[in-house]
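Peer 1: Take -6 as the starting number for the sequence shown in the working numbering and just add one per residue.
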Amino acid sequence: MFGFGSLHGGLIFSCLITCFTCVLQISEFKTILNIVNFACEEVRNSCKLKEIMKKILCLGNTLNQGTAMGKLYIHLLKLSKTRASNSKMTLMHYLCKVLATRTPELLKFHLDLVSLEATSKVQLKYLAEKMQAIIKGLEKVKQELAASEDDGPVSEGFREVHCCFTALYSSTFILNICCILQYV
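#1: Could you check whether L120 and A32 sit closer than 8 Å to each other, using their CB atoms as the reference points?
#2: Could you check where the alpha helix (DSSP H) with K48 kicks off and where it finishes?
#3: Alpha carbons only, please: which of L17, T11 and K41 is nearest the one belonging to H103?
#4: Tell me the DSSP secondary structure of T83 in three-state form.
#5: Near G130, what residues of its chain come up, given a Cβ to Cβ distance below 7 Å and the 5 sequence neighbours on each side ignored?
#6: What's the call for E137, buried or exposed, on a 16-neighbour Cβ count within 10 Å?
#7: How do the segment 43 to 53 and the segment 113 to 128 stand: do at least 3 beta-carbon pairs fall below 8 Å, yes or no?
#8: What residue range does the alpha helix (DSSP H) around L109 cover?
#9: D105 and E21: beta carbons closer than 8 Å?
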């Protein structure tokens, strides 16, 4: 049996469980963020994808008689909906046909984006829920630390360890959030 003395025995045990849970949640969250970060880096660094985007921009400028300064990414969805006068070929089909004829190596751009499939399975709602759970857990540990201050010297070691825990994991969590926000 654990000897908690005059401390709130349940409080300390609850705090330990919360700390352990937070460590697991932060680890899982970090793994998911790494997957997203890898995919973002692959997209940013893909030379083939950049060339395709340049060709789409050129095509858009040609269609607009050179008046467009750029193409919003939302317009990429319209490539498969914009049809030629004979309505058999879409702009996407035309672009793929031109790429296949002139620069077929660009059509293999997906080989540069190996992390994209794993990232497509990540749901933002799930990430937001995980983030909220971690924040609540860290807040609970802080509250339990504040409650243990009235216990005096008997809970000094407890407070010392858990103050370090909250400082370390709060900053780690914030760094992970900042890391993903740089790509948004």
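Note that beta-carbon positions come from the ideal geometry of N, C-alpha and C, so glycine has one too.
Note that this is a predicted model, so its numbers are computed, not measured.
Peer 2: Once the coordinates are examined:
#1: Start at 1 with the first residue of the sequence shown, and residue 32 comes out as number 39. Start at 1 with the first residue of the sequence shown, and residue 120 comes out as number 127. Contact flag unset, no.
#2: Here the question's residue 48 lines up with position 55 in the sequence shown. K48 -> alpha helix (DSSP H) spans C40 to L56.
#3: Taking the first residue of the sequence shown as position 1, residue 103 is located at position 110. That would be K41, whose Cα lies nearest to the Cα of H103.
#4: Counted from its first residue, the sequence shown places residue 83 at position 90. It is a strand residue.
#5: Taking the sequence shown and counting its residues from 1, one reaches residue 130 at position 137. Excluding its 5 nearest sequence neighbours in each direction, G130 has C-beta neighbours in its own chain below 7 Å: T11, T14, C15 and Q18, listed in chain order.
#6: For the purposes of this step, residue 137 is identified with residue 144 of the sequence shown, where counting begins at 1. Classification for E137: buried.
#7: Between the segment 43 to 53 and the segment 113 to 128, the count of C-beta pairs closer than 8 Å stays below three; the two stretches do not touch.
#8: Position 116 of the sequence shown, counted from the start, is the residue given in the question as residue 109. Note, L109: alpha helix (DSSP H), L109 to S113.
#9: Here the question's residue 105 lines up with position 112 in the sequence shown. Here the question's residue 21 lines up with position 28 in the sequence shown. Taking the C-beta atoms as reference points, E21 is found no nearer than 8 Å to D105.
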